[in-house]
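FYI, the numbering for the sequence shown is 6 to 349, going by my numbering.
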Amino acid sequence: MKVIDLRSDTVTVPTQAMREAIYHADFGDDVYGEDPTTNRLEEMAAEMTGKEAAILVSSGTMGNLISLLVHCGRGDEIIIGDQAHIFYYEVGGMSALGGIIPHTVTNQRDGTMRLEDIETAIRGDNIHYPRTRLICLENTHNRCNGIPITMEYTDSVKELAGRYGLGVHLDGARIFNAAAALGVPITDLTRGADSVSFCLSKGLSAPVGSIICSSREFIAEARRVRKALGGGMRQTGIIAAAGIVALEEMKERLTDDHIHARRLAVGMTGISGLTVDLETVRTNIVFFHLEDTGLTEDDFMARLEERGVKLLHLGSFQFRMVTHHGITTQDVDLALDILRDAVG
Ligand SMILES: *Cc1c(COP(=O)(O)O)cnc(C)c1O
């Protein structure tokens, strides 16, 4: 039976071009800064995001953690959306390992935080308070339906941060999806951030790796923190070679994923028992709600699994599907038939 795996774009596997690039790559010891393939990937990433320097790390979680540890000291506070991936899904690493306090602000449905809410959350100068250091943004916003955040918004947060002497970190795990959906260059979306992290291993289909881009000074410090976390690796060209192919060949096709997600969402509006907010489906993520059809959530998941569709159950009758490389128009249509069958 064919399995249509819509749990995440992380299930993508390396392309043939990536496998060949890995085979032919030149290697050195990256802890000495001598892996030529990794150096090339880092230069490419810095240039693409309009930053001075970049560093390859093992995951998006590590990229965000290192960034926060560079921006903040122990007891410092960051302002972050209450739906942010860093707050929700990164094991509280900032607090456990950095003594950093998350000060959450409500995420609006469009993935933004109101500027006035951010401003209210910024601490004044008072001996009782922790120091606010940083504002964290996320683009595309995972838990807000993968919605892309505009450069106008990011710039306005940067302006606010600047007035208070705060930094801005952008969790841009899917920043290339955001740029594709908005039809703007990546640099428009990253110029408002002092540091940005993005994933090679999601829609871009590389097997491993994320990248932090920032100033030369910031990245030099990030290199120390990465080493402390055990993230200094040796012949990382084996990872970077696939990352280079990801950046060179896999960005343009993200639009296909967005078209597929849209097709999936539009198709679902015709299935009674499932509700989807079409307006929010702008990239490759589709959230939907299972109405009262007499089915339990477990029944529904089991029916889909039996018929070969995998998706993510988020609780409270909410589910998520993500389109990615390897999911075709035919797969989308088949998944729709299976969804209709499962609730029918
Ligand atoms: C996936 C993701 C991350 C973390 O990446 P991992 O490689 O899974 O650690 C961070 N932020 C967002 C928004 C993500 O979607």
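Ideal Cβ placement from N, Cα and C applies to all residues, glycine included.
> Where ILE264 and PRO135 are concerned, what is the direct C-alpha to C-alpha distance, given to the nearest angstrom?
Replying inline: One-based indexing of the sequence shown puts residue 264 at position 259. One-based indexing of the sequence shown puts residue 135 at position 130. The straight-line gap from Cα to Cα measures roughly 45 Å.
> Could you give the uninterrupted runs of the alpha helix (DSSP H) lying entirely in the stretch 115-189, keeping only those of 4 residues or more?
Replying inline: 120-126, 156-168, 180-187
>> Within the continuous alpha helix (DSSP H) that includes GLU359, where are the two ends?
In response: The chain is shown only over 6 to 349; residue 359 falls outside these bounds and no answer can be derived.
>> In this structure, how does DSSP classify PRO41 when only helix, strand and coil are distinguished?
In response: On the sequence shown, position 36 is the one that residue 41 refers to. Note: PRO41 maps to helix in three-state DSSP.
> How about the stretch 167-177 and the stretch 293-308: do they share at least three Cβ pairs that are nearer than 8 Å?
Replying inline: no
> LEU341 and GLY278: beta carbons closer than 8 Å?
Replying inline: Walking along the sequence shown from the start, residue 341 turns up at place 336. Walking along the sequence shown from the start, residue 278 turns up at place 273. Cβ atoms of LEU341 and GLY278: not closer than 8 Å.
>> Tell me the residue span of the alpha helix (DSSP H) that contains THR288.
In response: Taking the sequence shown and counting its residues from 1, the one referred to as residue 288 is at position 283. Here THR288 belongs to no alpha helix (DSSP H), and DSSP marks it neither H nor E.
>> I want to check one thing, is the minimum distance from the CB of ASN150 to the heavy atoms of ligand 1 below 7 Å?
In response: The count along the sequence shown starts at 1 and reaches residue 150 at position 145. No, the beta carbon of ASN150 sits no closer than 7 Å to any heavy atom of ligand 1.
> If you measure from the CB of THR66, is any heavy atom of ligand 1 nearer than 7 Å?
Replying inline: The count along the sequence shown starts at 1 and reaches residue 66 at position 61. THR66: yes, Cβ under 7 Å from ligand 1.
> Regarding ARG179 and ligand 1, is the C-beta to nearest heavy atom distance less than 7 Å?
Replying inline: For this step, residue 179 is matched to residue 174 along the sequence shown. Checking every heavy atom of ligand 1 against the Cβ of ARG179, one is found closer than 7 Å.
> Does the stretch 202-216 come close enough to the stretch 227-239 that 3 or more CB-CB pairs lie under 8 Å?
Replying inline: no
>> Among the candidates ASP261, GLN323, VAL327, HIS318, whose CA atom is the shortest distance from the CA of THR334?
In response: One-based indexing of the sequence shown puts residue 334 at position 329. Ranking the options by Cα distance to THR334, first place goes to ASP261.
> What residue does the beta strand (DSSP E) around MET326 start on, and which one ends it?
Replying inline: The residue you call residue 326 lines up with position 321 of the sequence shown. Looking at the DSSP string, the run of the beta strand (DSSP E) that includes MET326 is 323-327.
> PHE203 bridges to which residues according to DSSP?
Replying inline: The residue labelled residue 203 in the question sits at position 198 within the sequence shown. Bridge pairing for PHE203: ILE216 [DSSP].
>> Quick check: the Cα distance between PHE32 and LEU46, rounded to an integer number of angstroms?
In response: As a first step, residue 32 must be located in the sequence shown, where it is residue number 27. As a first step, residue 46 must be located in the sequence shown, where it is residue number 41. Between PHE32 and LEU46, the C-alpha separation is close to 13 Å.
> Which one or two residues does DSSP pair with LYS315 in a beta bridge?
Replying inline: Residue numbering aside, residue 315 sits at position 310 when the sequence shown is read from its first letter. DSSP output for LYS315 lists ASP10 as bridge partner(s).
>> Tell me the rounded alpha-carbon separation between HIS133 and ILE127.
In response: Locating residue 133 in the sequence shown gives position 128, counting from the first residue. Locating residue 127 in the sequence shown gives position 122, counting from the first residue. Taking the straight line from one Cα to the other gives about 14 Å.
> Going by the C-beta, is ASN131 closer than 7 Å to any heavy atom of ligand 1?
Replying inline: Here residue 131 refers to the residue found at position 126 when the sequence shown is read from its first residue. False, no ligand heavy atom lies under 7 Å from that Cβ.
> With MET49 and SER215 assumed to form a contact (beta carbons below 8 Å), what rounded beta-carbon distance in angstroms separates them?
Replying inline: Indexing the sequence shown from 1 puts residue 49 at position 44. Indexing the sequence shown from 1 puts residue 215 at position 210. Contact doesn't hold; Cβ gap of about 14 Å is too wide.
>> Considering Cα atoms alone, identify which of LEU269, GLY78, ARG179, PRO19 is closest to THR54.
In response: Translated into positions along the sequence shown, residue 54 becomes position 49. THR54 has its Cα closest to that of ARG179, out of LEU269, GLY78, ARG179, PRO19.
>> By alpha-carbon positions, which one of ASP160, ASN44, GLY208, PHE293 ends up nearest to VAL173?
In response: Against the sequence shown, residue 173 aligns to sequence position 168. Answer by Cα proximity: ASP160.
>> Buried or exposed, going by whether 16 or more other CB atoms sit within 10 Å of the CB of ALA225?
In response: For the purposes of this step, residue 225 is identified with residue 220 of the sequence shown, where counting begins at 1. Label assigned to ALA225: exposed.
>> For a quick check, are the C-beta atoms of ARG287 and ILE105 less than 8 Å apart?
In response: As a working mapping, residue 287 is identified with position 282 in the sequence shown. As a working mapping, residue 105 is identified with position 100 in the sequence shown. No, the pair does not count as a contact, with Cβ atoms beyond the cut-off.
> If you draw a straight line from the alpha carbon of MET255 to that of LEU209, how long is it in whole angstroms?
Replying inline: For the purposes of this step, residue 255 is identified with residue 250 of the sequence shown, where counting begins at 1. For the purposes of this step, residue 209 is identified with residue 204 of the sequence shown, where counting begins at 1. Those two C-alpha atoms are separated by around 5 Å.
> ILE140 and ALA183 look like a contact to me (Cβ under 8 Å); what is the Cβ gap, rounded to whole Å?
Replying inline: Within the sequence shown, residue 140 is the residue found at index 135, counting from 1. Within the sequence shown, residue 183 is the residue found at index 178, counting from 1. About 18 Å; that fails the 8 Å criterion.
>> Please tell me whether, using a cut-off of 7 Å, the distance from the CB of HIS90 to the nearest non-hydrogen atom of ligand 1 is below it.
In response: Here residue 90 refers to the residue found at position 85 when the sequence shown is read from its first residue. Flag set: Cβ of HIS90 near ligand 1.
>> Among LEU120, THR195, LEU142, whose alpha-carbon lies nearest the alpha-carbon of ILE91?
In response: The residue given as residue 91 occupies position 86 in the sequence shown. Checked all of LEU120, THR195, LEU142; the closest Cα to ILE91 is LEU142.
> Considering only residues of the same chain and omitting the five flanking positions on each side of GLY248, which have a CB-CB separation below 6 Å?
Replying inline: Position 243 of the sequence shown holds residue 248. If we look at GLY248 and ignore the five residues flanking it on each side, its Cβ neighbours are LEU46, LEU205, ALA211, GLY214.
> Should THR137 be labelled buried (16 or more other beta-carbon atoms within 10 Å of its own) or exposed?
Replying inline: To locate residue 137, count along the sequence shown from 1; it is residue 132. With 16 or more Cβ atoms within 10 Å of its Cβ, THR137 is classed as buried.
> Would a C-beta distance cut-off of 8 Å place THR280 and HIS294 closer than the cut-off?
Replying inline: Residue mapping note: residue 280 aligns to position 275 of the sequence shown, counting from 1. Residue mapping note: residue 294 aligns to position 289 of the sequence shown, counting from 1. It is a contact, given that the beta carbons lie within the stated cut-off.
> Is the distance from the Cβ of HIS318 to the Cβ of GLU302 below 8 Å?
Replying inline: Taking the first residue of the sequence shown as position 1, residue 318 is located at position 313. Taking the first residue of the sequence shown as position 1, residue 302 is located at position 297. Yes, the pair counts as a contact, with Cβ atoms nearer than the cut-off.
> Buried or exposed: which applies to THR274, given that a residue is buried once 16 or more other Cβ atoms fall within 10 Å of its Cβ?
Replying inline: On the sequence shown, position 269 is the one that residue 274 refers to. With fewer than 16 other Cβ atoms within 10 Å, it is exposed.
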